[in-house]
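One structure is given below, encoded as structure tokens.
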Amino acid sequence: MYALELAQLTDLTICYEIIKEGRDFQKEQGFEQWTETYPNRDTVLNDIQSKKGYVIKANNEIAGYMCIDFSGEPAYADIKGEWRSDTQYAVIHRMAFRKKYRGTGLADIVFKMVEDLCIKNNIRNIRVDTDFPNTRMQHILKKNGFINCGVIIFQGGKKLAFDKLL
Numbered sequence: 193m194y195a196l197e198l199a200q201l202t203d204l205t206i207c208y209e210i211i212k213e214g215r216d217f218q219k220e221q222g223f224e225q226w227t228e229t230y231p232n233r234d235t236v237l238n239d240i241q242s243k244k245g246y247v248i249k250a251n252n253e254i255a256g257y258m259c260i261d262f263s264g265e266p267a268y269a270d271i272k273g274e275w276r277s278d279t280q281y282a283v284i285h286r287m288a289f290r291k292k293y294r295g296t297g298l299a300d301i302v303f304k305m306v307e308d309l310c311i312k313n314n315i316r317n318i319r320v321d322t323d324f325p326n327t328r329m330q331h332i333l334k335k336n337g338f339i340n341c342g343v344i345i346f347q348g349g350k351k352l353a354f355d356k357l358l
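Counting from 1 along the sequence shown, just add 192 to a position and that's the residue number in our numbering.
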């Protein structure tokens with residue numbers, strides 16, 4: 193049984209631990225998309241306080257964390273390439289899973305839950321970015337119907353930009 197729920201302040205410590213595990217996992221794969229300064233604990237706290245932080249639960253255990261922002265991402269206004277739609281969109285940032293859930297197909301389940309949440313909120317467009325070396329995330333995005341639309345600058349670096357129309 194899986195659930196996507198708004199994170200609560202009481203979830204802050206576990207959510208940030210998941211982000212740190214994600215940072216370590218990136219380093220194991222030979223790249224550094226997330227640094228010690230971003231995303232940091234305050235980033236996660238801000239997500240939660242602004243009702244953009246979500247936990248992914250598997251059998252009532254927090255298995256992952258992500259930000260879903262229905263107000264968009266200012267960095268996405270300048271894309272080298274072209275978004276496939278100018279409609280309102282949700283942006284996904286900071287998706288990470290606890291180590292024991294990696295490789296279980298949970299990301300596919302989560303993307304379906306995010307799509308359902310977007311449709312429920314009358315949003316038919318999802319955007320995501322990732323680093324060039326993050327081939328694992330690129331594979332997951334493509335497998336889940338996201339299309340590479342170009343390159344944006346986020347947090348001072350070039351990122352591959354993907355979208356999915358619902």
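Backbone N, C-alpha and C fix where the C-beta goes; we use that ideal spot for every residue, glycine too.
Residue pairing for R319: DSSP places it in a beta bridge opposite V283 and D355. For the options L358, K335 and M329, the alpha carbon positioned closest to that of F223 is the one of M329. In the structure shown, the three-state DSSP call for M193 is coil. Remark: C-beta atoms of V283 and E307 do not approach each other more closely than 8 Å. A Cβ-Cβ contact shorter than 8 Å links M258 with M287. Membership of A255 in the beta strand (DSSP E) is indicated by the continuous run E253 to D261. When G349, A199 and T296 are compared, the shortest CA-CA separation from S242 is found for A199. Distance between A299 and G256, taken at the CA atoms: about 9 Å.
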